[in-house]
Amino acid sequence: MMDVNPTEKILFKKFQNHWMMEKTDRKNAQIFSRINHASSRNVQSTDQPVLFFNASARLTRTSLNAAFAWLTANSLQNSGIPVTFFVCMSGLKPCLLAAQRDNLSAELPCNQCMRLSKKMYQGLNTVPLTFLPDNNLSNEVEGLDLEALESFVYQNVPLGELTLPSLRWIMRRHHLAGVRNAVQLHRRFICSAWSIYRQAQNWISANNPRAIVVFNGLQYPEAVVKWLGKQLNIPTFTHEIGLMPFTAIFTEGEATACPIELPADFEMTPERNARLDTYLSNRMQGKFTTAGIQFWPQMESLTPEFWNLARTFRQIVPVFTNVIFDTSQKHANVVFSDMFHWLDEVKTLIAQHSDTLFVIRAHPDEIRPGKESLETVTDWVVRNRVNLLPNVLYVGPDQYFSSYELIQNAKFVLVYNSTIGLEAAIMGAAVISGGRSRYTQVPITYFPQSVEEFHQLVQKMLVEDDWHVPPEFQQTARKFLYYQFFHTALSFGEFIQPDPIWNGYVALKSFSNDDLNSSRNTNLKIIEEGIRDQKPFVIPHE
Numbered sequence: 037m038m039d040v041n042p043t044e045k046i047l048f049k050k051f052q053n054h055w056m057m058e059k060t061d062r063k064n065a066q067i068f069s070r071i072n073h074a075s076s077r078n079v080q081s082t083d084q085p086v087l088f089f090n091a092s093a094r095l096t097r098t099s100l101n102a103a104f105a106w107l108t109a110n111s112l113q114n115s116g117i118p119v120t121f122f123v124c125m126s127g128l129k130p131c132l133l134a135a136q137r138d139n140l141s142a143e144l145p146c147n148q149c150m151r152l153s154k155k156m157y158q159g160l161n162t163v164p165l166t167f168l169p170d171n172n173l174s175n176e177v178e179g180l181d182l183e184a185l186e187s188f189v190y191q192n193v194p195l196g197e198l199t200l201p202s203l204r205w206i207m208r209r210h211h212l213a214g215v216r217n218a219v220q221l222h223r224r225f226i227c228s229a230w231s232i233y234r235q236a237q238n239w240i241s242a243n244n245p246r247a248i249v250v251f252n253g254l255q256y257p258e259a260v261v262k263w264l265g266k267q268l269n270i271p272t273f274t275h276e277i278g279l280m281p282f283t284a285i286f287t288e289g290e291a292t293a294c295p296i297e298l299p300a301d302f303e304m305t306p307e308r309n310a311r312l313d314t315y316l317s318n319r320m321q322g323k324f325t326t327a328g329i330q331f332w333p334q335m336e337s338l339t340p341e342f343w344n345l346a347r348t349f350r351q352i353v354p355v356f357t358n359v360i361f362d363t364s365q366k367h368a369n370v371v372f373s374d375m376f377h378w379l380d381e382v383k384t385l386i387a388q389h390s391d392t393l394f395v396i397r398a399h400p401d402e403i404r405p406g407k408e409s410l411e412t413v414t415d416w417v418v419r420n421r422v423n424l425l426p427n428v429l430y431v432g433p434d435q436y437f438s439s440y441e442l443i444q445n446a447k448f449v450l451v452y453n454s455t456i457g458l459e460a461a462i463m464g465a466a467v468i469s470g471g472r473s474r475y476t477q478v479p480i481t482y483f484p485q486s487v488e489e490f491h492q493l494v495q496k497m498l499v500e501d502d503w504h505v506p507p508e509f510q511q512t513a514r515k516f517l518y519y520q521f522f523h524t525a526l527s528f529g530e531f532i533q534p535d536p537i538w539n540g541y542v543a544l545k546s547f548s549n550d551d552l553n554s555s556r557n558t559n560l561k562i563i564e565e566g567i568r569d570q571k572p573f574v575i576p577h578e
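Under my numbering, think of the first position of the sequence shown as 37, with each following residue one higher.
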């Protein structure tokens, strides 16, 4: 059998992938058109519409969040509730997803993006968003530095604050001083946000929507519309990807904070415990995805070399970090100014306790392809020479050894705000949170309310020989995680499946418009009642 040239293999794979993407996109477009026209026959144009906006959810192909919004909108129309989509028509200057932070003059893929918008929304009511320049605003921001831009307010709209999370996200950093193009990009974001505000304000004033639904709520295009909706007392909701596959969370709060109210009467039954244990068993082997991405290609046990090192210390304390530009950080930074401020405090404690092995674990998402962090825990470790301390083991984001095995052998666990803190509590570990998270408002972890309290508690737990965790911490953690997985995560799995080529993107399954009727689907009914009647976006518990 003749060997195939490696170059030919690569070319064939590229051709195959392109063909599969074209096939997926053609099928999606056919379903978009068929469903849009069918659902639109069920609405009266005189009724108050629900406004949708998700320009930050995708560019040229169908992402999870773009699918969530489209499916929800058509389901609402089947119930007689008209919808309108704000659709970007080269209206973002610059575009959050397509702008190149190192080349702000690079051409944007507007034509490809608008081509998908035409296919996705054909047959639905849409409002084109273009860019409306404001020379007065441009002149006002031109001379401002980064600090002034962050607090900039224009005609009572906090444009600096509304655009800052997007600036950090696109720069892949939290600290922006001295970063090339940061000032210029922030000025452009502010001008673009103001353009969106003006158009949204005009449309809302003329059409009086019954509700507004936006993706994420922190990225600047949607953040502006969300802020305006809240100011006008219009029910305004955000959505994001849930922890379970093909699930979304909807909330009138901040979807990026994943707010969860655990009912006082919610209890774990044998069936619920079994279901949770099955999921946790897979998760602790790395068999899970988040936003369609599998972070753990394999999960490795702790090595003999690790145990030889650990035996030379009195105790082990893992330190789990997060991604510094992640949108959850805006909600986490209430005690410490940011995660690195927290790590600086941890470093002080490390220096005071040479009998303790501190294992600092970088988050694997720091090196996600296409979203690699540019302000990393590795940088902090090297800059502060933490890797040279004899009682520190640093584990980089590309090292896939088991965090769960580490927790099982820990004196206690330090986390900032990641899910591993909740999982550690389920395993019975004592956990101290440095940042606010969705689970710190219930008795699951210790969450000191000041830097001084944090230092004192960690100091106390390091010195004492034994630390007994209140039993309700573990019990509440199990309830909380179960409720998050199986009650707040609303599944769209009946309608979507993984894109065959792009991780985190979707192909539509074959379904009829009637399948989107809320009378046929519990999750769509919950979303409809949440948007229409402001009911909780949760699956009721018995």
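Note that CB positions come from ideal geometry on N, CA and C, so glycine has one too.
**Selected residue, minimal CA-CA separation from Met-207, among Asn-553, Ser-409, Phe-547, Ala-466** = Answer by Cα proximity: Ser-409.
**Item:** Neighbour flag for Trp-416 against chain D, beta carbons, 7 Å
**Value:** Absence of chain D from the displayed structure is noted, only one protein chain being present.
**Item:** Straight-line gap, Arg-223 to Ala-242 (C-alpha atoms, nearest Å)
**Value:** A direct Cα-to-Cα measurement between Arg-223 and Ala-242 gives close to 29 Å.
**Request:** Would you decide whether Met-37 is buried or exposed? Buried here means 16 or more other CB atoms lie within 10 Å of its CB.
**Result:** Its pLDDT being 48, under 50, Met-37 is placed unreliably by the model, and the measurement read from it follows with that caveat. Label assigned to Met-37: exposed.
**Message:** Let me make sure I understand the geometry here. Which of Lys-496, Arg-137, Leu-442, Val-370 has the alpha-carbon closest to that of Gln-485?
**Reply:** Between Gln-485 and the set Lys-496, Arg-137, Leu-442, Val-370, the nearest pair of CA atoms involves Val-370.
**Message:** Do Thr-283 and Leu-526 count as a contact pair if the criterion is CB distance below 7 Å?
**Reply:** When the beta-carbon positions are compared, Leu-526 and Thr-283 come within less than 7 Å of each other.
**Message:** Within 8 Å, do at least three Cβ pairs link the stretch 76-86 to the stretch 44-57?
**Reply:** Counting Cβ pairs under 8 Å, fewer than three are found: no touch.
**Item:** The beta strand (DSSP E) enclosing His-211, as first and last residue numbers
**Value:** Element bounds for His-211: n/a, residue is neither H nor E.
**Asked** Are the beta-carbon atoms belonging to Thr-357 and Ala-398 less than 7 Å from one another?
**Response** In contact: Thr-357 and Ala-398 (Cβ atoms closer than 7 Å).
**Prompt:** CA-CA distance, Ile-532 and Asn-539?
**Reply:** For Ile-532 and Asn-539, the distance between alpha carbons rounds to 13 Å.
**Request:** Take every Cβ of the stretch 172-190, pair it with every Cβ of the stretch 112-132, and state whether three or more of those distances are shorter than 8 Å.
**Result:** No, the stretch 172-190 does not touch the stretch 112-132.
**Prompt:** Quick one: is the Cβ of Thr-412 within less than 6 Å of any heavy atom of the ligand ATP?
**Reply:** In the structure shown, the ligand ATP is absent, as is every other ligand, since no ligand is present at all.
**Asked** CA-CA distance, Ser-469 and Leu-493?
**Response** Using only the alpha carbons, I get a separation of about 11 Å.
**Identity of the residue in Ile-567, Glu-381, Glu-530, Pro-295 nearest Asp-550 by Cα** = The option with the nearest alpha carbon to Asp-550 is Glu-530.
**Request:** Can you tell me the Cβ-Cβ gap for Leu-182 and Ala-218, rounded? I've got them flagged as a contact below 8 Å.
**Result:** Rounded, the Cβ-Cβ distance is 6 Å, consistent with contact.
**Request:** Pair every Cβ in the stretch 407-422 with every Cβ in the stretch 506-522, then say whether three or more of these pairs are closer than 8 Å.
**Result:** Verdict: no, contact absent.
**Request:** Report yes if the CB atom of Thr-476 is closer than 7 Å to the CB atom of Val-467, and no otherwise.
**Result:** Cβ atoms of Thr-476 and Val-467: not closer than 7 Å.
**Item:** Pair within 7 Å by beta-carbon distance, Val-79 and Phe-122
**Value:** Cβ atoms of Val-79 and Phe-122: not closer than 7 Å.
**Message:** Do Leu-200 and Ala-598 count as a contact pair if the criterion is CB distance below 7 Å?
**Reply:** The shown model of the chain, from 37 to 578, leaves out residue 598, and the question about it has no answer.
**Asked** Where are the alpha helix (DSSP H) runs, 4 residues long or more, that stay fully inside the stretch 202-258, in chain order?
**Response** Taking only runs of at least 4 residues, the alpha helix (DSSP H) segments lying wholly in the stretch 202-258 are 218-243.
**Asked** When you compare each of Gly-179, Thr-96, Leu-195, Leu-173 to Leu-152 by their alpha carbons, which one comes out closest?
**Response** Ranking the options by Cα distance to Leu-152, first place goes to Thr-96.
**Request:** Only counting runs of 3 or more residues, tell me where the beta strand (DSSP E) segments fall wholly within the stretch 133-161, in order along the chain.
**Result:** Complete beta strand (DSSP E) runs here, min 3: none at all.
**Request:** Work out the CA separation of Ile-562 and Phe-573 for me, nearest whole Å.
**Result:** If you take the alpha carbons of Phe-573 and Ile-562, they lie about 6 Å apart.
**Message:** Am I right that Asn-114 and Ser-75 are in contact with their C-beta atoms under 8 Å? What's the rounded C-beta distance?
**Reply:** Correct: roughly 5 Å between the Cβ atoms.
**Prompt:** On the premise that Met-304 lies in contact with Arg-514, defined as a C-beta separation below 8 Å, what is that separation, rounded to the nearest angstrom?
**Reply:** With a Cβ gap of about 6 Å, Arg-514 and Met-304 count as contacting.
**Prompt:** So is Pro-506 buried or exposed if we call it buried at 16+ other beta carbons inside 10 Å?
**Reply:** The residue is exposed, with fewer than 16 neighbouring Cβ atoms inside 10 Å.
**Message:** Need the endpoints of the alpha helix (DSSP H) that Leu-316 sits in, please.
**Reply:** Leu-316 -> alpha helix (DSSP H) spans 306-319.
**Request:** For Tyr-518, I'd like the list of residues in its chain whose CB is within less than 7 Å of its CB, leaving aside the five on either flank, ordered along the chain.
**Result:** These residues qualify, in order along the chain: Met-304, Arg-308, Leu-312.
**Prompt:** So what's Arg-472 in DSSP terms, helix, strand or just coil?
**Reply:** Reduced to three states, the DSSP call for Arg-472 is coil.
**Cut-off 6 Å between Cβ atoms - residues of its own chain near Leu-144, not counting five sequence neighbours on either side** = Around Leu-144: Cys-131, Ala-134.
**Prompt:** Run through DSSP, which three-state label would Ala-460 get?
**Reply:** Three-state result, Ala-460: helix.
**Item:** Meets three-Cβ-pair contact criterion under 8 Å: the stretch 338-356 and the stretch 253-272
**Value:** No: fewer than three Cβ pairs fall under 8 Å.
**Prompt:** Would a C-beta distance cut-off of 7 Å place Leu-264 and Ala-236 closer than the cut-off?
**Reply:** The answer is yes: Cβ separation under 7 Å.
**Message:** Less than 7 Å between the beta carbons of Ile-443 and Ala-461, yes or no?
**Reply:** At least 7 Å separates the beta-carbon of Ile-443 from that of Ala-461.
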